[in-house]
Amino acid sequence: MAELWQLTISEASELLRRREISAVELTRAHLDRIEQVEGNVRAFVTVTEAEATREAEQVDRLRSEGAELGPLAGIPIAIKDVISTKGVRTTCSSRMLEHYTPPFDATVMNRLHDARAIMLGKTNMDEFAMGSSTENSAFFPTRNPWDLERTPGGSSGGSASAVAAGEAMAALGSDTGGSVRQPGALTNTVALKPTYGRVSRFGLIAFASSLDQIGPFTRSARDMALMMQAIAGYDRLDSTSINAPVPNYAEALTGDVKGLRIGVPSEYFVEGTEPGVRAVVEQAIETLKSLGAEVGECSLPHTRYGVAAYYIIAPAECSANLARYDGVKYGFSSKQPAGSLIDYMSETRGAGFGSEVKRRIMLGAYALSSGYYDAYYLKAEKVRTLIKRDFDSAFERFDALISPTSPSVAFKIGEKIADPYAMYLNDVFTIPANLSGICGLSMPGGFSDGLPVGVQLLGPALGEPMLLRIADAFEQATDYHKQMAATPSTKKKGRSR
Ligand code: GLN
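With numbering that gives the first Met the number 0, letter number 48 in the sequence shown gets 47, and the count goes up by one each step, no holes.
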């Protein structure tokens, strides 16, 4: 039999229901797994062992009392450290928030608590979610379980690696320009950026509010449906939340893609993508065709302006959102004796933020300043509309689009960190979905030289059921998603029970 940490949520949930395993055992298996591999992977900033154990005991008690529990009850989950957790340190992997403990839970946390999921801990990330490799963490880089010399992508690299290494059965991340889908692609996990407004952002520490969206990592499309069922839905605490009924996501998994129209955007198949990545995506297209999908070419002509527009809009919003870290209200404050208030704030912000965050704040403040606003920010917002229109017309003809998630497989730690532009280009295929608010999913598509390749499916607003349906049908025809990294352990197998 498989180890408990190798199970999917759907499998474990069935065993829990039949009381063949307990929530305490399942949680213990993951805490032991963390102990075994975490020295190499370093996915977690904080592990909440005591709380997790207590919550698991509670689930077992409820079940023994005959309570009706949902599919996530007793399932151990990891949470990106950008999502506010009451009483548990939430750092954004920044010196600025290193000792910050939120007095409230994000809405997604309330929902996961209601579902009686178990939080194992908070995962490492690029500082304030700015980056594509998790190397911008102020604490340490997270490693890719498929090859410890490589990054897991980012910014939700800790969440992706935790799920890939079997340290958690699922995880939450946040995706502003690709930060769930790209690390999902690089670690062989299923990763979803929901439609903007589908999942509440209340309690998600803001990077770029018009782009940010919380999304899960899982090891199957079915598990993704379960996670979405728990976290999606209207929240009056988020003014951009969509007030529309939440469909039954598991019901969308019909296993059948016959007659679905899938578009291949020609602008996503251009030079710059590694041949090994391209080959995997082309093979995935063939697989979907053989399952009966109707595949046709389409054009998204404004794709080439996406990265430029994003790197104006995201920094502009970040410069406004991060203005709150002034050393006065909460977070890090400089102990340097300072003359004026301005000196004190510059000391605090100079020491509390890392270099990528400072670069973004400066870019954003510049793009928004008088004289440059029209030339940069307003122009970028117009490009955003054009990109959205490209998708609107594509979705008149197609149910979903298919592309690579990332132009490359996992790159080496240190390889791109000195060249921000090379790092930014990594987001070329993921950014347009954020700019236009549509949903996107990365699924394990195959391997190139032993490293995972993600295939991206894009759907119209609220098209999540369609993406899950396609991903699930693809999984039934392949077994890439079942392959787990041979994560090297630092410790011998967990304690005996
Ligand atoms: N890599 C992109 C950036 O650095 C996307 C980050 C994200 O989605 N949070 O901004």
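Heads up, the beta-carbon is just placed ideally off N, CA and C, and yes, glycines get one too.
In the DSSP secondary-structure assignment, residue 143 is bridged to 146. With a threshold of 16 other beta carbon atoms within 10 Å, residue 292 meets it and is buried.
The count of Cβ pairs closer than 8 Å, one atom from the stretch 265-278 and one from the stretch 404-414, reaches three, so the stretches are in contact. Residue 189 is positioned such that its CB atom lies no closer than 8 Å to that of residue 161.
If you ignore the 5 residues before and after residue 423, its C-beta comes within less than 7 Å of the C-beta of 306, 310, all in its own chain and listed in chain order. Close CB contacts of residue 69 within its chain, under the 6 Å cut and outside five residues either way in sequence, are with 114 (chain order). Taking residue 426 as reference, the option from 330, 397, 313 with the minimal CA-CA separation is 313.
Contact annotation: the stretch 109-126 touches the stretch 213-229, with at least three C-beta pairs closer than 8 Å. According to the DSSP secondary-structure assignment, residue 452 is paired through a beta bridge with 445. Look at the beta carbons and you see the stretch 450-463 touching the stretch 393-400: at least three pairs across the two are nearer than 8 Å. Judged by the Cβ position, residue 176 qualifies as a neighbour of the ligand GLN at the 7 Å threshold, a heavy atom of the ligand being closer than this.
In this structure residue 390 is not in contact with residue 360, their Cβ atoms being roughly 30 Å apart against a cut-off of 8 Å. In the structure shown, residue 260 adopts extended strand secondary structure according to DSSP, grouped into three states. A straight line joining the alpha-carbon of residue 209 with that of residue 59 spans about 40 Å. Taken through DSSP and simplified to helix, strand or coil, residue 297 comes out as strand.
Partner residues in the beta bridge of residue 75, as assigned by DSSP, are 117. Here residue 183 is buried. Its C-beta has 16 or more other C-beta atoms within 10 Å. In the three-state reduction of the DSSP assignment, residue 473 falls in the helix class, which pools H, G and I. Looking at 302, 204, 410, 327, the one whose alpha-carbon comes closest to that of residue 104 is 204.
For residue 173, the enclosing beta strand (DSSP E) starts and ends at 169-173. Taking C-beta atoms under 8 Å as the contact rule, residue 141 and residue 121 fail to qualify, at a distance of about 12 Å. A distance below 8 Å separates the beta carbons of residue 55 and residue 73. Distance from the Cα of residue 364 is smallest, within the candidate group 318, 280, 490, 381, for 318. Annotation for residue 311: the continuous alpha helix (DSSP H) segment containing it runs 305-320. Proximity of the beta carbon of residue 206 to the ligand GLN is indicated: a heavy atom of the ligand is located closer than 7 Å. By the Cβ-count criterion, residue 102 is exposed, with fewer than 16 other Cβ atoms from all chains shown falling within 10 Å of its own Cβ. Judged by DSSP secondary structure, residue 192 falls within the beta strand (DSSP E) whose first and last residues are 189-192. Within the model, the alpha-carbon separation for residue 439 versus residue 31 is close to 33 Å.
For the set 451, 486, 375, the Cα lying nearest the Cα of residue 186 is the one of 451. Here residue 355 really is in contact with residue 129; their C-beta atoms are around 5 Å apart, less than 8 Å.
With a threshold of 16 other beta carbon atoms within 10 Å, residue 417 falls short and is exposed.
Around the C-beta of residue 269, fewer than 16 other C-beta atoms lie within 10 Å, and the residue is accordingly described as exposed. Residue pairing by DSSP places residue 435 opposite no residue, since no beta bridge is assigned to it.
In this structure the stretch 173-181 lies against the stretch 427-436, because at least three pairs of beta carbons, one per stretch, are closer than 8 Å.
Within its own chain, the residues whose Cβ lies closer than 6 Å to the Cβ of residue 83, once the five positions on either side in sequence are excluded, are 89, 101, 105, 202, listed in chain order. A distance criterion of 7 Å places the beta-carbon of residue 361 beyond contact range of the ligand GLN, judged by its closest non-hydrogen atom.
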